Amino acid sequence: MTTNFLYRKISVFLYLVIVGATALAMETKAQNAPTLTAENISRRVLKLVKNVRKLKDISAKSIKKSMGIKVILNSEDKNIYGFSGKISDSDWFYSLISLSETKGGTPHRLEFSFGEPTGNYPDMKPVCSVDFENYQKELTAAGFSVTPYYGEHNRLLWHNFLRNNVSVQITANGESAENIQQKCVRMLILEVTD
């Protein structure tokens with residue numbers, strides 16, 4: 002792993018911490034997207050990711066066209082956009098938000114995540130109908146290569162999928178304490194470099 006790559010990943014992490022308040026605000030306000038099953042939203046996300054080739058493919062207009070979900074623009078900064086909605090028959094929700102490196106800058110990243118109100122990392126079964134293995138299978142079939150990234154004590158942190166100028170970082174957790182072998186997608190960060 003090169004120093005520049007590691008520095009970039011650390012910078013992205015710090016940036017996500019800074020913009021986390023914005024993302025959280027979007028997630029916790031009245032949800033603006035339809036109530037969907039976890040499988041339905043996961044399939045829509047996979048469709049979006051597989052179709053991204055250029056920066057314009059992650060614009061609010063392109064997301065709406067690809068996913069069929071109304072994208073809400075931030076009234077103070079039109080480069081901040083996204084949506085959130087409830088997962089049917091559960092307390093879980095989903096959200097997608099744009100991320101840019103500077104205020105007012107063109108977004109180069111999208112963050113998709115599943116969350117639940119307590120934030121206590123409960124059983125993920127309600128959002129695991131399309132598990133990490135399914136994501137990996139579909140993304141590799143779409144031409145992405147995959148590399149796992151490990152942290153301290155050889156702990157898996159995420160998997161990075163790369164196809165040309167599009168990278169997708171997926172963080173997954175075990176479905177539950179009883180079923181840690183089945184990995185469920187918790188968060189996905191899509192980045193496009195032009």
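If you read the sequence shown in my numbering, its first letter stands for residue 2, the second for the next number, and so on. Quick reminder that beta carbons are idealized off the backbone N, C-alpha and C, glycines included. Values in this document were obtained by computation on a predicted structure and should not be read as measured data.
Which residues in the same chain have their Cβ closer than 6 Å to the Cβ of residue i, if we skip the five residues on either side of it in sequence?
i: N140; result: Reading the sequence as shown, one finds Leu at residue 140 and not Asn. Around L140: F162.
i: A143; result: K51
Given that a residue counts as buried once 16 or more other Cβ atoms are within 10 Å of its Cβ, and exposed if not, what is residue i?
i: E176; result: buried
i: H154; result: exposed
i: S114; result: buried
i: Y82; result: buried
From the DSSP secondary-structure annotation, give me the bridge partner or partners of residue i.
i: T242; result: For residue 242 there is no data in the structure shown, the boundaries of the chain being 2 and 195.
So which of the options has the shortest CA-CA distance to residue i?
i: V186; options: T107, S130 and I70; result: S130
i: V72; options: N33, E40 and S91; result: N33
i: L194; options: L74, T38, E40 and L111; result: The amino acid occupying residue 194 in the given sequence is Thr; Leu does not appear at that position. The option with the nearest alpha carbon to T194 is L111.
i: V46; options: D132, D124 and P118; result: D132
i: F145; options: A178, I64, R44 and S168; result: S168
i: T119; options: D92, Y136, A142 and K138; result: D92
i: I171; options: L97, L56 and Q137; result: Q137
i: A178; options: L97, I190 and K126; result: K126
Take residue i and list the residues in its own chain whose beta-carbon comes closer than 8 Å to its own, dropping the five residues that flank it on each side.
i: A26; result: For A26, the predicted model reports a pLDDT of 44, less than 50, meaning its position is unreliable; a value from the coordinates is still stated below. There are no such residues.
i: N52; result: D58 and S67
i: I42; result: G86, I88 and Y95
i: K184; result: D132, F133, E134, A173, N174, G175 and E176
Residues in its own chain within less than 7 Å of residue i by CB, not counting five upstream and five downstream?
i: N80; result: S99, S101, G105, G106, T107 and P108
In the DSSP assignment, find the alpha helix (DSSP H) that holds residue i and state where it starts and stops.
i: T141; result: F133 to A142
i: K51; result: A39 to N52
Does the distance between the C-beta of residue i and the nearest non-hydrogen atom of the ligand ZN fall short of 7 Å?
i: I190; result: Because no ligand of any kind appears in the structure shown, any question about the ligand ZN cannot be addressed here.
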